[in-house]
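K.L.:
Got a structure for you, questions after.
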Amino acid sequence: MRGGGEEPHIDAAGAVRDEAGGGNAESQVDVLAEFAARIRESFEERLQQLEHRLLKARPAMRTMLTERDLAKLLQCDVRTVRRLERAGDLPSAVRFGGSKRWLPGAIEAWLNDLSEERSR
47 MRGGGEEPHI DAAGAVRDEA GGGNAESQVD VLAEFAARIR ESFEERLQQL EHRLLKARPA
107 MRTMLTERDL AKLLQCDVRT VRRLERAGDL PSAVRFGGSK RWLPGAIEAW LNDLSEERSR
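Numbering (this note's numbering), first residue to last: 47 to 166.
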């Protein structure tokens, strides 16, 4: 802001005037620089808000587990994973062509359910 505390006025033609109606070229440059700085700050703030909303709305990329990953996690053989799947004891796998993948969250929930059932 300028020293006098007066707000500049931009008239319909785009000319910057002090409230008193006058204003030299130097003060007009100062006023325009201030105005540009305010616009820039406002724009950057709004851009940050939009970026935050986009990141919040976009689902996070998930790492999916292969049969081998699942076997490591369960500390068993891959054949045991296949047997559990055939029996319907595992959460459903997501299939891509011939490969199967499991969502870690689904496996974690399944393991929690198993541990709760066994503690009853």
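Glycine residues also receive a C-beta, built at the ideal position from the N, C-alpha and C atoms.
If you draw a straight line from the C-alpha of Thr112 to the C-alpha of Asn158, how long is it?
P.N.:
If you take the alpha carbons of Thr112 and Asn158, they lie about 20 angstroms apart.
K.L.:
Taking the continuous alpha helix (DSSP H) assigned at Arg164, which residues delimit it?
P.N.:
First-last of the alpha helix (DSSP H) with Arg164: 150–165.
K.L.:
With distances taken between CB atoms, is the gap from Lys146 to Ala139 smaller than 8 angstroms?
P.N.:
Cβ atoms of Lys146 and Ala139: closer than 8 angstroms.
K.L.:
CB Trp148 to CB Leu101, shorter than 8 angstroms?
P.N.:
Not a contact, by the Cβ cut-off of 8 angstroms.
K.L.:
Go ahead and label Leu136 buried or exposed: buried means 16 or more other beta carbons lie within 10 angstroms of its beta carbon, across all protein chains shown.
P.N.:
Leu136 should be labelled buried.
K.L.:
Would you kindly work out how many angstroms separate the C-alpha atoms of Arg132 and Glu90, rounded to a whole number?
P.N.:
Cα to Cα, the separation comes out at about 54 angstroms.
K.L.:
With a CB to CB cut of under 8 angstroms and the five nearest residues on each side skipped, what residues in its chain are close to Val127?
P.N.:
Taken in chain order, the residues that qualify are Glu113, Leu116, Ala117, Leu120, Leu136.
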